[in-house]
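Quick notes on the structure that follows.
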């Protein structure tokens, strides 16, 4: 809430009027702060009137073009397949490796180290007993 909106609500009576120090500086005591926060949360001002507070949307609204999922490019798992076979897993197909990678990395493998991918997929296949 902006400062101008806050002082507008004070003038309207939604929030408590601040107390003033001898030098004129405004302040709120603990009970006033609690009442003001409760008024903002519940939507009922300290004067008993109902108030609507709108929250700003910080995120821009998604357009229809952003909502359409782009197909993921086919990834080449031949190096991963070779690495798994060198670790003792034989009889693997690209389909089973692709399914294991999609299970372990649903968001994709971009940004992950190749060794971590190999280790994670190896453990997944061993636990699944598909070997």
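Numbering (our numbering), first residue to last: 631 to 761.
Every residue, glycine too, gets a C-beta built ideally from N, C-alpha and C.
As the structure is a computational prediction, the values presented were derived from the model and not from experiment.
Does the distance from the C-beta atom of residue i to that of residue j stay below 8 Å?
i: residue 722; j: residue 752; result: no
i: residue 739; j: residue 731; result: yes
i: residue 710; j: residue 748; result: yes
i: residue 636; j: residue 675; result: no
i: residue 659; j: residue 649; result: yes
i: residue 763; j: residue 734; result: This structure gives no information on residue 763, because the portion of the chain shown stretches from 631 to 761.
From the DSSP output, read off the bridge partner residues of residue i.
i: residue 684; result: Paired residues: none, contrary to the question.
i: residue 649; result: 657
i: residue 674; result: 680
Relative to the C-alpha of residue i, which residue among the options is closest?
i: residue 680; options: 744, 757, 642, 755; result: 642
i: residue 758; options: 713, 706, 719, 743; result: 719
i: residue 746; options: 713, 729, 725, 724; result: 713
Which of the three DSSP states, helix, strand or coil, is assigned to residue i?
i: residue 743; result: coil
i: residue 632; result: coil
i: residue 689; result: coil
i: residue 710; result: helix
In chain order, what residues of the same chain lie with their CB nearer than 8 Å to the CB of residue i, ignoring the 5 residues before and after it?
i: residue 664; result: none
i: residue 754; result: 730, 733, 734
Enumerate in chain order the residues of its own chain whose CB-to-CB distance from residue i is below 7 Å, with the five nearest sequence positions on each side excluded.
i: residue 670; result: 683
i: residue 662; result: 646
Between which residues of its own chain and residue i is the CB-CB distance below 6 Å, once the five residues before and five after are set aside?
i: residue 729; result: none
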